[in-house]
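Only one structure is covered here, and it is reproduced in the block below.
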Amino acid sequence: MSGDIEGVNAFALGLTIGASYDLPLNSSRTMFLSPEVLFTLSPFDIVKDVSWKVQHLRAGLALTFIPPDVEDSLDEYQLYDVARRTPLPVKGAPGVAFVSNISATGITEDGRTSSTQGVKIEEFASTRVRPILPYVFFDNNSAALPSRYRRINQDQVDSYSLDNFYNLDAMVTYRQMLNIIGKRMTDNESATLTLTGCMDNAEDKAAGDLSGQRAAAVKSYLVDTWGIKADRISVESRGLPATPSNVNEADGREENRRVEIVSSDASILAPVMSNDTMRVFEPAGVRFMPSIDPRVPISSWTVFVSEDERIIRTFHAGEPIPASVDWRISEQSGVIPRGTRNIEYMLVVQDSTGDVVPSEMKVIPVSEVTLEDKKRSGGVDKSIDRYSLILFAFDKADLSNENQAIVNSVKGRIDPNAQVKIVGYTDRSGADDYNQRLSEQRARSVASALGLTNATVTGLGERLPLYDNTTPEGRFYSRTVEIVVETPCR
Numbered sequence: 005m006s007g008d009i010e011g012v013n014a015f016a017l018g019l020t021i022g023a024s025y026d027l028p029l030n031s032s033r034t035m036f037l038s039p040e041v042l043f044t045l046s047p048f049d050i051v052k053d054v055s056w057k058v059q060h061l062r063a064g065l066a067l068t069f070i071p072p073d074v075e076d077s078l079d080e081y082q083l084y085d086v087a088r089r090t091p092l093p094v095k096g097a098p099g100v101a102f103v104s105n106i107s108a109t110g111i112t113e114d115g116r117t118s119s120t121q122g123v124k125i126e127e128f129a130s131t132r133v134r135p136i137l138p139y140v141f142f143d144n145n146s147a148a149l150p151s152r153y154r155r156i157n158q159d160q161v162d163s164y165s166l167d168n169f170y171n172l173d174a175m176v177t178y179r180q181m182l183n184i185i186g187k188r189m190t191d192n193e194s195a196t197l198t199l200t201g202c203m204d205n206a207e208d209k210a211a212g213d214l215s216g217q218r219a220a221a222v223k224s225y226l227v228d229t230w231g232i233k234a235d236r237i238s239v240e241s242r243g244l245p246a247t248p249s250n251v252n253e254a255d256g257r258e259e260n261r262r263v264e265i266v267s268s269d270a271s272i273l274a275p276v277m278s279n280d281t282m283r284v285f286e287p288a289g290v291r292f293m294p295s296i297d298p299r300v301p302i303s304s305w306t307v308f309v310s311e312d313e314r315i316i317r318t319f320h321a322g323e324p325i326p327a328s329v330d331w332r333i334s335e336q337s338g339v340i341p342r343g344t345r346n347i348e349y350m351l352v353v354q355d356s357t358g359d360v361v362p363s364e365m366k367v368i369p370v371s372e373v374t375l376e377d378k379k380r381s382g383g384v385d386k387s388i389d390r391y392s393l394i395l396f397a398f399d400k401a402d403l404s405n406e407n408q409a410i411v412n413s414v415k416g417r418i419d420p421n422a423q424v425k426i427v428g429y430t431d432r433s434g435a436d437d438y439n440q441r442l443s444e445q446r447a448r449s450v451a452s453a454l455g456l457t458n459a460t461v462t463g464l465g466e467r468l469p470l471y472d473n474t475t476p477e478g479r480f481y482s483r484t485v486e487i488v489v490e491t492p493c494r
């Protein structure tokens, strides 16, 4: 029998009581497993004039991540990138049909497994030269400046200082590029800029002059915020860049959606140089090896890496789960503070039904040797200077004018007692063997330009990328040759 029930009350009121308990899963009490039981008592009938009451008993289980509150000691305009506070999935999965697990091992600079237990961080006095990639990248069919490019307000312009770029890596420095250019253009009133907007060949041609709009967006920020006179900045537009990336690959098309910046004065786009405290990580990276025992299809997986209750790196994708995920630790050096004792990691897997299962939180022990430690012990120390060259032409090992200028500067800085390492890298594009050969050719080209016969020259290709290759700037900065000069301290 079926049909409507007459006289059903429109509202149902009840009293709910329950209990829950938070079970801490780690010593820092940021992850909890929370079972709960709730009972709802309703004294009212569902149907008028009929003795019919319904009571509810509900039970559940939740996984919760609670990030701690910390003082924000950064400048108002966020010169530094900070670690993200990302909540873990919270849906419980009682009786889930699979188990997730993860393990990790150290890897060397060339991608081989390391026998080193844990991670050692050692500080060295250093001079660092970070080139500026003169490209601003845009989202597909968009002329809006992406939020990852750091912007400031007009009232912060006077206090902005290039002296603050101490101990910042290339990627953090790059994302301050528009402010660096604005500051240098303010200090050098005779310099001019040419902004050339570009687009990839798959973008909507009916959207108007998208290339020109992109160049105009960059100009607008420099004029409106930094007060650069509009007649000092010319705007041009074209389709593909003069030197385009591969139009047949998604990465290449993403790289072609850009504004190229050229200045009449080389100092405007000159590398950022600073005397830093370099932190060297041993081993160079960590290889995470996720695994699951699935009985239903997997929809997504995430590896969370945290330090002192903060998530500092995540790796996330849909199925299938890879056999391994490599992480270059120095990629997060700016957000791993001194005094670190542990790096924690875990795998969280979600299946096609929405159930979420985390692995056990695991720990990588960290030890640290600071400059102060070495001074107190009186041990032999060395300085490590690092110089980076980027913007090699596609498939070429020749040095550009910009790279030749850096090489000329480095020549006069090399002590006769120094050990010099020249290492070539590539991004993830292309075949592994080809990338290895190209990176070595570029490294040897730099060694030849330096006039060094006793330098250690290596090409590592894409074995352990220097930067996150999911962004166009990360890929460009990964196509580099690094000159590392180690000089004994007298």
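Numbering (my numbering) for the sequence shown: 5 to 494. We put the beta carbon where it would ideally sit given N, CA and C, even for glycine. Note that this is a predicted model, so its numbers are computed, not measured.
Practice prompt. Return the Cβ separation of Trp331 and Arg342 in integer angstroms, given the expectation that the two are a contact with Cβ distance under 8 Å.
Written response: About 20 Å separates the two Cβ atoms, so there is no contact after all.
- Message: Please identify the residue among Leu166, Thr120, Arg242 whose C-alpha is closest to the C-alpha of Pro369.
- Response: Thr120
Check: On the three-pair Cβ rule with 8 Å, is the segment 396-406 touching the segment 464-471?
Finding: No, the segment 396-406 is not in contact with the segment 464-471.
Residues near Asp190 in its chain [Cβ-Cβ closer than 8 Å; skip 5 each side] = The sequence as given places Thr at residue 190; Asp does not occur at that position. Excluding residues within five positions, the ones whose Cβ falls inside 8 Å are Val161, Trp230, Gly231, Ile232.
ask   = Between the C-alpha atoms of Glu207 and Asp355, what's the straight-line distance to the nearest angstrom?
value = When rounded, the distance between both Cα atoms is 34 Å.
**Item:** Every unbroken alpha helix (DSSP H) inside the segment 447-483 [4 residues or more]
**Value:** Counting whole runs of 4 or more residues, the segment 447-483 contains the alpha helix (DSSP H) stretches 476-482.
(Q) Helix, strand or coil for Arg155? Go by DSSP, reduced to three states. (A) coil
Q) Which residue's Cα is closest to the Cα of Ile136: Leu65, Met181, Ser151? A) Met181
### Query
So, helix, strand or coil for Glu348, using DSSP?
strand
Point to revise | Residue range of the beta strand (DSSP E) that includes Ile487 | key: For Ile487, the enclosing beta strand (DSSP E) starts and ends at 485-492.
Nearest-angstrom Cβ-Cβ length linking Ser392 and Cys493, presumed shorter than 8 Å
Incorrect: roughly 23 Å between the Cβ atoms, too far for contact.
**Request:** Could you name the residues of the same chain whose beta carbon sits closer than 6 Å to that of Ser351, not counting the 5 residues immediately before and after it, in chain order?
**Result:** The question names Ser, yet the displayed sequence has Leu at residue 351. The residues are Ser104, Ile106, Pro294, Val307, Ser363.
Measuring CA to CA, which of Asn279, Lys378, Leu214 is closest to Asn144?
-> Leu214
Exercise. Are the segment 214-227 and the segment 164-176 touching by the rule of at least three beta carbon pairs closer than 8 Å?
Worked result: Contact fails: fewer than three Cβ-Cβ distances are below 8 Å.
Alpha carbon of Ser433 to alpha carbon of Lys366, nearest angstrom | 32 Å
(message) Tell me the rounded alpha-carbon separation between Phe142 and Asn421.
(response) 46 Å
Which ranges does the alpha helix (DSSP H) cover as unbroken runs of at least 4 residues, wholly within the segment 221-245, from first to last along the chain? none
> Among the residues of its own chain, which have a CB less than 6 Å from the CB of Ser149, if the five just before and after it don't count?
Replying inline: It is Leu, not Ser, that sits at residue 149 in the sequence shown. Here the set comprises Ala221.
Exercise for the section: Provide the residue span of the beta strand (DSSP E) that contains Met277, from first to last. Expected result: Segment 276-286, the beta strand (DSSP E) holding Met277.
- Query: Across which residues does DSSP place Arg291 in a beta bridge pair?
  - Reply: Thr109, Asp330
So the candidates are Ser118, Thr457, Tyr164, Ile272; which of them puts its Cα closest to the Cα of Gln423? Thr457
Closer than 8 Å by C-beta to Glu253: which residues in its own chain qualify, once you throw out the five before and the five after it? Chain order, please. Cβ within range, chain order: Ser433.
I'd like to confirm the pairing. Which residues does DSSP put opposite Lys386 in its beta bridges?
Pro492
Spatially closest choice to Ala447 from Thr460, Asp437, Tyr438, Arg380, by CA coordinates:
Thr460
Ordered along the chain, which non-local residues of its own chain (more than five positions away) have a Cβ less than 7 Å from that of Pro476?
-> Phe141, Glu258, Glu259
- request: For the alpha helix (DSSP H) holding Val414, just list the boundary residues, first then last.
  value: Run containing Val414: 405-415, per the alpha helix (DSSP H) assignment.
### Task
Identify every run of the alpha helix (DSSP H) within the segment 158-198, keeping only runs that are complete inside it and at least 4 residues long; order them along the chain.
174-178, 181-191
Please identify the residue among Arg262, Asp167, Gln158, Asp159 whose C-alpha is closest to the C-alpha of Glu203.
Checking the sequence, you will find Met at residue 203 rather than Glu. Here the closest residue by C-alpha is Arg262.
- [ ] Given a cut-off of 9 Å, decide if Ser249 and Gly256 are closer than it, judged by their beta-carbon atoms.
- [x] yes
Worksheet item: With 16 as the cutoff for other CB atoms within 10 Å, does His320 come out buried or exposed?
Response: exposed
message = So, under 8 Å CB-CB, Val133 and Ile394 are touching, yes? Tell me the CB distance rounded to an integer number of Å.
response = Contact flag wrong, Cβ pair sits at about 11 Å.
Ends of the beta strand (DSSP E) at Ala129?
123-134
Exercise. Can you name the residues that DSSP bridges to Val266?
Worked result: Thr198
Q: Using only alpha-carbon positions, find the residue among Arg62, Lys223, Ala66, Thr20 that is nearest to Ser38.
A: Ala66
I'd like to check one pair, Ile426 with Val485: are the Cβ atoms closer than 9 Å?
yes
* To do: Please determine, among Glu323, Ile111, Arg236, Val489, the residue with the shortest C-alpha to C-alpha distance to Gly416.
  => Val489
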